[in-house]
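Notes follow the structure.
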Amino acid sequence: MKKAAFLRSLAQQLKGIPPSDIRQTLAYYSEAVSDAMDDGLDEEAAVRSLGTAEEIALSVKEELAGGGKLPQTRKRSGFTVLLLILGFPVWFSLLAAGAGILTAVFICIVALAVAAWALPLAFAAGTLYAAVCALLALVHGNLTVCACFAGAALVCAGLCILTYQLCKSLPRRCAALIRTIWTKLKALCFRRRNAK
Amino acid sequence: MDIQLKRGLLDVCVLAAIGDSDAYGYQIIKDISPHVEITQSTLYPILRRLEEADCLNVRSEEYNGRLRKYYRVTPAGKSRIEEFKQDWAEIQEIYSFIAERTQAT
């Protein structure tokens, strides 16, 4: 068998594994044939020295399966399929309820991040209001009232800055929380599937 | 030889065959074949495994108008060889135990 025919046969035998692995394997064996020919073997003898395409494909697939890179084809029995169909009203309702609860949790987390910004905004408004009142009191010559409002404006400004610093990192933390919950759920589902 | 046992030994064999210089697949087969039965279909998965385990670095170089892959052992690969050599004493102990026990029966 010539090199081109051998590589075509090998490509055919390798169907089912990732395309990148097929390319790498074909490149390797093409090189192996060329090296054997450089060593003095004729083309057909060089191809024969590699073994059959079936043997090579089997060893590649075994290696990939061992490393978990091959997609595992799961055969479902007829009974399982029947159970899935008959149980559809139950498992689908549960699945939908679970998805609804998860969505509600995520919405609450996002709402918390948004609502928290009301605090610094409120304190900022309070600062502005107290500052205006202090100015008006100063204009009217009421120093005591002016001092009270100025103090209140300073307190509001301080609280505004403090709550702003806290709220700045809130969207990032909420996003991280959502990601963590989602990742843990996915890990739980896949662990159950692999344990089967 | 048991397939699983041979598989583990061949990994280290390939690393030792490459040694301190760069080697290509066909050359590795020629170096190992006089000592251990090995084919390209056996070598290829070993090279992939060792590369994925960072025991080998791979580079391509032009040779006779085509690209040829050269393999070089990394520090991690050299550590693997050393670990095997250290494990050899334990393997010999196990062998002695089995030989002793089976001789007595």
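Chains C and B supply the protein sequences, listed in that same order.
Each residue of the first sequence is one higher than the last, beginning at 1 in this note's numbering.
Each residue of the second sequence is one higher than the last, beginning at 197 in this note's numbering.
The beta carbon of each residue, even a glycine, is placed where N, CA and C say it ideally should be.
Just so you know, these numbers come straight off a predicted model, no measurement behind them.
Give the C-beta separation of residue i and residue j to the nearest angstrom, bearing in mind that I take them to be a contact with Cβ-Cβ under 8 Å.
| i | j | result |
| --- | --- | --- |
| C/Ala36 | B/Tyr222 | 6 Å |
| C/Leu82 | B/Gln236 | Incorrect: roughly 48 Å between the Cβ atoms, too far for contact. |
| B/Leu246 | B/Leu252 | 4 Å |
| B/Glu224 | B/Ile214 | It should be noted that the sequence gives Ile, not Glu, for residue 224 of chain B. Indeed they touch by this definition, with Cβ atoms about 6 Å apart. |
| B/Arg255 | C/Ser34 | At roughly 17 Å, the Cβ-Cβ gap does not stay under 8 Å, so B/Arg255 and C/Ser34 are not in contact. |
| C/Ile56 | C/Leu10 | 6 Å |
| B/Arg264 | B/Glu257 | 6 Å |
| C/Thr127 | C/Ala104 | Not confirmed; about 36 Å, so no contact. |
| C/Cys160 | C/Ala124 | 5 Å |
| B/Asp250 | B/Thr270 | 6 Å |
| C/Leu205 | C/Ala113 | Because chain C in this structure spans residues 1 to 196, residue 205 of chain C falls outside the shown range and cannot be described. |
| B/Ala212 | B/Ile277 | 6 Å |
| B/Asn260 | C/Asp39 | Not quite, the Cβ-Cβ distance comes to about 12 Å (not below 8 Å), so this is no contact. |
| C/Lys61 | C/Ile17 | 6 Å |
How would you list, in chain order, the residues of chain C whose beta-carbon sits under 7 Å from the beta-carbon of residue i?
| i | result |
| --- | --- |
| B/Gly204 | None at all; the shortest Cβ gap to chain C is about 13 Å. |
| B/Ile274 | According to the sequence displayed, residue 274 of chain B carries Lys and not Ile. None at all; the shortest Cβ gap to chain C is about 23 Å. |
| B/Lys281 | Neighbours of B/Lys281 on chain C: none; closest Cβ ~26 Å, over 7 Å. |
So, is residue i buried or exposed, given that buried needs 16 or more other C-beta atoms within 10 angstroms?
| i | result |
| --- | --- |
| C/Lys15 | exposed |
| C/Lys3 | buried |
| B/Arg244 | buried |
| B/Glu233 | exposed |
| C/Gln13 | buried |
| B/Pro230 | exposed |
| C/Gly68 | Bear in mind that the predicted position of C/Gly68 carries a pLDDT of just 48, short of 50, making it unreliable; the figure below should be weighed with that in mind. Looking at its Cβ environment, which holds fewer than 16 other Cβ atoms inside 10 Å, C/Gly68 is exposed. |
| C/Tyr29 | buried |
| C/Glu63 | buried |
| B/Ser217 | exposed |
| C/Glu31 | buried |
| C/Thr180 | exposed |
| B/Pro241 | buried |
| C/Ser59 | buried |
| C/Ala46 | buried |
| B/Val210 | buried |
| C/Gly87 | exposed |
| C/Phe79 | exposed |
| C/Phe6 | buried |
| B/Gly204 | exposed |
| C/Ala53 | buried |
| B/Glu279 | exposed |
| C/Pro71 | Note that C/Pro71 scores 46 on pLDDT, short of 50, meaning its location in the model is unreliable; the coordinates nonetheless yield the value given after this. Label assigned to C/Pro71: exposed. |
Just to make sure I have the definition right: I need the residues of chain B whose C-beta is within less than 8 Å of the C-beta of residue i. Which are they?
| i | result |
| --- | --- |
| C/Leu50 | Thr235, Gln236, Ser237 |
| C/Glu63 | Pro241, Arg244, Arg245 |
Identify the contact partners of residue i in chain B, using a Cβ-Cβ distance below 7 Å as the criterion.
| i | result |
| --- | --- |
| C/Ile197 | With chain C covering only 1 through 196, there is no way to say anything about residue 197 of chain C. |
| C/Ser230 | One cannot answer for residue 230 of chain C here, as it falls past the ends of chain C, which runs 1 to 196. |
So residue i contacts chain B; which residues on that side make the cut at Cβ distance below 9 Å?
| i | result |
| --- | --- |
| C/Val60 | Ser237, Tyr240, Pro241, Arg244 |
| C/Asp39 | Tyr222, Lys226 |
Taking residue i as the query, report the chain C residues whose CB atoms sit under 9 Å from its CB, ordered along the chain.
| i | result |
| --- | --- |
| B/Gly221 | Tyr28, Glu31, Ala32, Asp35 |
Given 7 Å as the limit, tell me if residue i has its C-beta closer than that to any heavy atom belonging to the ligand SAM.
| i | result |
| --- | --- |
| C/Ile178 | Ligands in the displayed structure: none, and consequently the ligand SAM is not present. |
Check the Cβ-Cβ distances between residue i and every residue of chain D, and say whether any is below 8 Å.
| i | result |
| --- | --- |
| B/Ser229 | You won't find chain D in this structure, because its protein chains are C and B. |
Does the contact criterion of 3 or more C-beta pairs under 8 Å hold for the region 160-175 of chain C versus the region 102-113 of chain C?
By the Cβ criterion, the region 160-175 of chain C is in contact with the region 102-113 of chain C, since at least three pairs of Cβ atoms, one from each stretch, lie closer than 8 Å.
Just list the alpha helix (DSSP H) runs in the region 30-89 of chain C, keeping only unbroken ones of 4 residues or longer that don't cross its boundaries, in chain order.
Entirely contained in the region 30-89 of chain C, the alpha helix (DSSP H) runs reaching 4 residues are, in chain order, 43-48, 53-66, 78-86.
Tell me whether the region 178-188 of chain C and the region 125-145 of chain C touch, counting them as touching only if at least three CB pairs, one residue from each stretch, are closer than 8 Å.
A contact between stretches requires three or more CB pairs, one per stretch, nearer than 8 Å, and the region 178-188 of chain C fails this requirement with the region 125-145 of chain C.
Would you call the region 114-123 of chain C in contact with the region 158-167 of chain C, where contact means no fewer than 3 C-beta pairs closer than 8 Å?
Counting Cβ pairs under 8 Å, three or more are found: they touch.
Could I get the ranges of all uninterrupted beta strand (DSSP E) runs contained in the region 240-296 of chain B, with 3 residues as the minimum, in chain order?
252-259, 262-269, all fully within the region 240-296 of chain B.
Would the region 123-132 of chain C count as touching the region 148-163 of chain C if we require 3 or more Cβ pairs under 8 Å?
Contact between the region 123-132 of chain C and the region 148-163 of chain C is present, because at least three Cβ pairs lie under 8 Å.
Going along the chain, which unbroken runs of the beta strand (DSSP E) with 3 or more residues stay wholly within the region 5-32 of chain C?
Residue ranges of uninterrupted beta strand (DSSP E) with 3 or more members are absent from the region 5-32 of chain C; none lies entirely inside it.
Completely contained beta strand (DSSP E) runs for the region 118-159 of chain C, where each covers 3 or more residues:
The beta strand (DSSP E) runs lying completely inside the region 118-159 of chain C and spanning 3 residues or more number zero.
Please list the segments of the alpha helix (DSSP H) lying wholly inside the region 198-228 of chain B, counting only runs of 4 or more residues, in order along the chain.
DSSP runs (the alpha helix (DSSP H)) wholly in the region 198-228 of chain B: 199-214, 221-228.
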